[in-house]
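Chains as they are written, first to last, in my numbering: chain V, 705 to 921; chain U, 705 to 921. For reference, the structure is listed below as structure tokens.
There are 2 protein chains.
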Amino acid sequence: MNHPTDSLYDVIERRRDVRAEFTGSPVPDDVLQRVLGAAHRAPSVGMSQPWDFVLVRDPETRASFRDHVRTERASFAASLPPERRASFDRIKVEGICESSLGVVVTHSQTRGGPHVLGRHAIADAGLYSTVLAIQNLWLAATAEGLGLGWVSFYREDVLRQLLGIPADVRPVAWLCLGTVSHLETVPDLERHGWRARRPLADAIHEDTWQAREQDHA
Amino acid sequence: MNHPTDSLYDVIERRRDVRAEFTGSPVPDDVLQRVLGAAHRAPSVGMSQPWDFVLVRDPETRASFRDHVRTERASFAASLPPERRASFDRIKVEGICESSLGVVVTHSQTRGGPHVLGRHAIADAGLYSTVLAIQNLWLAATAEGLGLGWVSFYREDVLRQLLGIPADVRPVAWLCLGTVSHLETVPDLERHGWRARRPLADAIHEDTWQAREQDHA
Numbered sequence: 705m706n707h708p709t710d711s712l713y714d715v716i717e718r719r720r721d722v723r724a725e726f727t728g729s730p731v732p733d734d735v736l737q738r739v740l741g742a743a744h745r746a747p748s749v750g751m752s753q754p755w756d757f758v759l760v761r762d763p764e765t766r767a768s769f770r771d772h773v774r775t776e777r778a779s780f781a782a783s784l785p786p787e788r789r790a791s792f793d794r795i796k797v798e799g800i801c802e803s804s805l806g807v808v809v810t811h812s813q814t815r816g817g818p819h820v821l822g823r824h825a826i827a828d829a830g831l832y833s834t835v836l837a838i839q840n841l842w843l844a845a846t847a848e849g850l851g852l853g854w855v856s857f858y859r860e861d862v863l864r865q866l867l868g869i870p871a872d873v874r875p876v877a878w879l880c881l882g883t884v885s886h887l888e889t890v891p892d893l894e895r896h897g898w899r900a901r902r903p904l905a906d907a908i909h910e911d912t913w914q915a916r917e918q919d920h921a
Numbered sequence: 705m706n707h708p709t710d711s712l713y714d715v716i717e718r719r720r721d722v723r724a725e726f727t728g729s730p731v732p733d734d735v736l737q738r739v740l741g742a743a744h745r746a747p748s749v750g751m752s753q754p755w756d757f758v759l760v761r762d763p764e765t766r767a768s769f770r771d772h773v774r775t776e777r778a779s780f781a782a783s784l785p786p787e788r789r790a791s792f793d794r795i796k797v798e799g800i801c802e803s804s805l806g807v808v809v810t811h812s813q814t815r816g817g818p819h820v821l822g823r824h825a826i827a828d829a830g831l832y833s834t835v836l837a838i839q840n841l842w843l844a845a846t847a848e849g850l851g852l853g854w855v856s857f858y859r860e861d862v863l864r865q866l867l868g869i870p871a872d873v874r875p876v877a878w879l880c881l882g883t884v885s886h887l888e889t890v891p892d893l894e895r896h897g898w899r900a901r902r903p904l905a906d907a908i909h910e911d912t913w914q915a916r917e918q919d920h921a
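Okay, structure coming up:
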């Protein structure tokens with residue numbers, strides 16, 4: 705696995721949050737294993753590796769989840785002022801049925817036993833580990849020429865029930881993963897006028913926090 | 705930036721959580737900008753880019769944080785059963801003063817205004833974005849030949865006060881970043897017998913959650 709486009713910075717630059725470009729062809733199993741293997745090599749607090757990956761291919765399960773997401777999308781749309789709503793109407797928020805499969809990433813706070821090294825002062829440190837794994841997964845998918853889109857228009861309990869996830873395990877993401885026609889070069893939300901990107905310099909502070917006007921923008 | 709070792713999978717494999725290998729030499733500013741730029745190109749819910757980076761070089765601030773971490777380390781050690789404690793005693797948990805600088809990554813839940821696209825159903829989706837940026841930062845540091853170690857033995861309010869971080873901004877990580885003598889090939893916690901890695905196959909489920917014995921181990 706060493707094609708010309710897998711240098712880290714290049715992959716970071718090409719990575720997109722994909723909704724509309726899925727083609728639905730199957731992902732070869734060796735590719736999927738490499739992508740999940742990249743996620744599984746993420747750092748984790750106390751080496752607890754608190755993540756799991758539920759691979760959802762079943763069309764009925766996916767259609768059912770998509771219907772739920774549609775409802776949540778409508779609920780968000782209804783909360784928007786008219787000018788934001790017009791912009792939002794143009795934006796596709798998921799490719800659940802069009803992607804090759806769903807990868808539901810979950811977090812188990814009980815994994816690692818009662819004494820997780822590095823988690824006693826910050827309970828969320830375990831949850832953070834699970835999210836680090838997602839970014840590895842996302843970048844590996846991009847390096848493999850696949851697309852990935854993180855869906856967050858859902859209620860955790862609905863997804864938990866749909867997949868039989870136990871009460872003490874938290875679904876963190878539904879990732880639409882799959883073959884794509886292409887990756888856009890500009891993020892959807894920027895192309896559709898939802899929001900512009902912030903300059904890096906605005907995010908950097910020296911030694912102490914420096915208050916800036918855009919803190920609440 | 706295209707040296708032979710920056711292919712994504714290679715970087716993911718080489719990345720370590722560094723404590724003991726820092727040399728303390730300065731990180732050139734162009735390198736630091738590339739590393740922070742990689743973090744800043746992470747995906748974020750509703751393109752909210754809710755992260756900030758406080759670069760902590762001041763020796764007094766670092767010494768003060770290290771003292772606090774020592775206290776928290778002692779408190780965790782006191783909570784352990786004897787056999788775990790002996791293993792923990794061998795483990796270094798931070799390189800705050802030995803690293804080239806600290807990068808404190810913060811999360812602002814107010815960034816992006818009142819209608820963050822994709823966050824209405826899952827409040828933590830913003831926090832997840834900030835953690836995705838940390839993984840980009842970590843991988844970029846590794847690609848640049850630097851080391852990074854995430855310190856989590858601290859109380860968020862103590863760190864907030866130390867750096868003047870406002871009450872509505874959450875410190876998510878203190879990252880020790882810097883030049884290193886080398887990167888270990890096996891994680892510290894595995895080398896010191898704290899915990900072994902879990903096979904990838906145990907983390908994969910098909911279509912629905914499959915209960916396994918190691919769920920609570």
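Quick reminder that beta carbons are idealized off the backbone N, C-alpha and C, glycines included.
For this session: Tell me, please, whether the region 835 to 842 of chain U touches the region 786 to 794 of chain U by the rule of three or more beta-carbon pairs shorter than 8 Å.
Result: The answer is no - the region 786 to 794 of chain U does not touch the region 835 to 842 of chain U, with fewer than three Cβ pairs under 8 Å.
Exercise. What residue from U/Ile908, U/Trp913, U/Thr912, U/Ala915 has the CA that sits closest to alanine 743 of chain V's CA?
Worked result: U/Ile908
Exercise. Taking 9 Å as the CB-CB limit, is valine 735 of chain U close to chain V?
Worked result: no
For this session: List the residues of chain V whose Cβ lies closer than 9 Å to the Cβ of histidine 886 of chain U, in chain order.
Result: Simply none; closest approach about 18 Å.
Problem set entry | Three-way DSSP call (helix, strand, coil) for tryptophan 913 of chain V in this model | coil
For this session: Output yes or no for whether 9 Å exceeds the beta carbon distance between serine 856 of chain V and isoleucine 826 of chain U.
Result: yes
Exercise. Can you check whether the CB of valine 773 of chain U is closer than 9 Å to the CB of leucine 881 of chain U?
Worked result: In this structure, leucine 881 of chain U lies away from valine 773 of chain U, with their beta-carbon atoms at least 9 Å apart.
For this session: Would you tell me roughly how many angstroms separate the C-alpha atoms of aspartate 710 of chain V and aspartate 828 of chain V, rounded to the nearest one?
Result: 32 Å
For this session: Please confirm if aspartate 762 of chain V has its CB atom under 9 Å from at least one CB of chain U.
Result: yes
Exercise. If valine 715 of chain V and threonine 846 of chain V are in contact, beta carbons under 8 Å, what's the gap, nearest whole angstrom?
Worked result: With a Cβ gap of about 5 Å, valine 715 of chain V and threonine 846 of chain V count as contacting.
Problem set entry | Host alpha helix (DSSP H) of phenylalanine 780 of chain U (start-end) | 763 to 782
Exercise. Using the rule of at least 16 other Cβ atoms within 10 Å of the residue's Cβ for burial, across every protein chain shown, is glutamate 787 of chain U buried or exposed?
Worked result: With fewer than 16 other beta carbons inside 10 angstroms of its own, glutamate 787 of chain U counts as exposed.
Exercise. Closer than 9 Å, CB to CB, is valine 731 of chain U near chain V or not?
Worked result: no
Problem set entry | C-alpha gap between glutamate 717 of chain V and proline 891 of chain V, whole angstroms | 11 Å
Exercise. Just the Cα atoms here: how many angstroms apart are arginine 719 of chain U and tryptophan 842 of chain U?
Worked result: Distance between the alpha carbons of arginine 719 of chain U and tryptophan 842 of chain U is about 8 Å.
Exercise. If you measure beta-carbon to beta-carbon, which residues of the region 782 to 809 of chain U are closer than 9 Å to chain V?
Worked result: Ser783, Leu784, Pro785, Arg788, Phe792, Ile795, Val797, Val808
For this session: Could you tell me which chain V residues have their CB closer than 7 Å to the CB of tryptophan 755 of chain U, listed as they occur along the chain?
Result: Ala907
For this session: Determine the direct distance from the alpha carbon of arginine 766 of chain V to that of alanine 698 of chain V, and round the result to whole angstroms.
Result: Limits of chain V in this structure are 705 at one end and 921 at the other, which puts residue 698 of chain V out of reach.
For this session: Answer with buried or exposed for histidine 707 of chain V, where buried requires no fewer than 16 other C-beta atoms within 10 angstroms of its C-beta.
Result: Per-residue confidence for histidine 707 of chain V stands at a pLDDT of 48, beneath the threshold of 50, marking its modelled position as unreliable; the derived number appears in the next sentence. That one is exposed.
Exercise. Do three or more CB pairs link the region 801 to 810 of chain U to the region 798 to 813 of chain V at distances below 8 Å?
Worked result: no
For this session: Check the Cβ-Cβ distances between phenylalanine 780 of chain U and every residue of chain V, and say whether any is below 9 Å.
Result: yes
Exercise. Phenylalanine 857 of chain U CB to nearest chain V CB: under 9 Å?
Worked result: Phenylalanine 857 of chain U counts as touching chain V.
For this session: Throw me the rounded Cβ distance for the glycine 868 of chain U and threonine 775 of chain V pair, which I believe falls under 8 Å.
Result: Not really, about 43 Å apart at Cβ, beyond 8 Å.
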